[in-house]
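Visitor:
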Amino acid sequence: MIKTLIFIFGLLIFFSGIFLGGKLKKGEKQALSLDGKKTSFAIIGDEGPPPCSWEVSQPERVMSESKSQAILINAKNSNEKSCETIVSLRAPGFDISPYKDEQKISLAASGKGSLSWILTPRKSGTFEIAVSDIINTKIFGITVTDMFGLNANQAKVFSIIGSLFGPMFTIPWWLDKWHRRKHTEEDSRKNLKNV
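Numbering-wise (the working numbering), the sequence shown opens with residue 3 and increments by one.
Right, dumping it as structure tokens:
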């Protein structure tokens, strides 16, 4: 009886791990399919400072409904004079903080800086977020899902543990079944010899 319960427990862990792993992979694949980059060609006048160059740190592609994440923009100035850029974030399906969807970054010559937004999802689904300035737009896909209250990293760990250790819990049941079959075959051979 105990071996059967351990077997059922092992199967539950194994299939839960497979389910969470599949859900994470699917969400990540959906999010990555939305990624893009667009460049507009614009003439920038001489009267203002040149635009700063910037990069977005890769956001977490799969997140749970109850978690927030930061979108970090790293900017640098490779010009000999100060630069200035207004970076905007468009994130339908998310609440953003600070509440303004545009932030201005000004850097001195050869300077570096960063700015960030905190995204909090409103509902489940796969969404696009766009970070842009006057010239470039970078689009990222993010899948928001409910994984039994786990965040994406916890779900990945559980998926790995469940996939590895779930089958191990079923070993005592399989051994018991194999021993029973072996004893049944031996008993039937003895009965055939006695006949």
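Ideal placement from N, C-alpha and C gives every residue a C-beta, glycine not left out.
Starting from I131 and walking both ways along the beta strand (DSSP E), at which residues does that stretch end?
Guide: Unbroken beta strand (DSSP E) run through I131: 127 to 134.
Visitor: Helix, strand or coil: which one does DSSP assign to Q71?
Guide: Residue state, collapsed to three classes: strand.
Visitor: Tell me the DSSP bridge mates of I163?
Guide: According to DSSP, which records beta bridges pairwise, I163 is partnered with nothing at all.
Visitor: To which residues of the same chain is G12 closer than 6 angstroms at the C-beta, ignoring the five residues directly before and after it?
Guide: Closer than 6 angstroms at Cβ, skipping near neighbours: G168, F171, T172.
Visitor: Can you give me the Cβ contacts of Q71 inside the same chain, cut-off strictly under 7 angstroms, excluding the 5 residues immediately before and after it?
Guide: Cβ neighbours of Q71 beyond the five flanking positions: P61, E62, M65, L121.
Visitor: How big is the Cα-Cα spacing for G19 and Q156?
Guide: Distance between the alpha carbons of G19 and Q156: 11 angstroms.
Visitor: Identify which residue in K106, N76, T145, V89 has its Cα closest to the Cα of D37.
Guide: Closest option to D37, Cα to Cα, is T145.
Visitor: Just list the alpha helix (DSSP H) runs in the region 56 to 119, keeping only unbroken ones of 4 residues or longer that don't cross its boundaries, in chain order.
Guide: List check, alpha helix (DSSP H) in window: nothing returned.
Visitor: For C54 and S118, what's the separation of their Cα atoms in angstroms?
Guide: Computed Cα separation, rounded: 16 angstroms.
Visitor: Just mark T207 as buried or exposed, buried being the case when its beta carbon has 16 or more other beta carbons within 10 Å.
Guide: Absent from the structure is residue 207, since the part of the chain shown begins at 3 and ends at 197.
Visitor: Roughly how far, in whole angstroms, is the beta-carbon of S161 from the beta-carbon of L34, given that I think they are within contact range, below 8 angstroms?
Guide: So it is not a contact: roughly 18 angstroms between Cβ atoms.
Visitor: Are I8 and W175 close, meaning C-beta to C-beta below 8 angstroms?
Guide: Contact: yes.
Visitor: Just mark P123 as buried or exposed, buried being the case when its beta carbon has 16 or more other beta carbons within 10 Å.
Guide: Its Cβ being crowded by 16 or more others within 10 Å, P123 is buried.
Visitor: Closest to A93 by C-alpha separation, out of F16, T128, K106, would be which residue?
Guide: Among F16, T128, K106, the Cα nearest to that of A93 belongs to T128.
Visitor: So, for S198: in the same chain, excluding its five sequence neighbours on each side, which residues have a beta-carbon less than 8 angstroms away from its beta-carbon?
Guide: Residue coverage of the chain in this structure runs from 3 to 197, which leaves residue 198 outside it and unanswerable.
Visitor: By Cβ distance below 7 angstroms, which residues in the same chain neighbour K158 in space, the five residues on each side in sequence not counted?
Guide: Correct list, in chain order: L26.
Visitor: Which whole-angstrom value is the C-beta distance of E67 and S134, which I expect to be below 8 angstroms?
Guide: Not really, about 26 angstroms apart at Cβ, beyond 8 angstroms.
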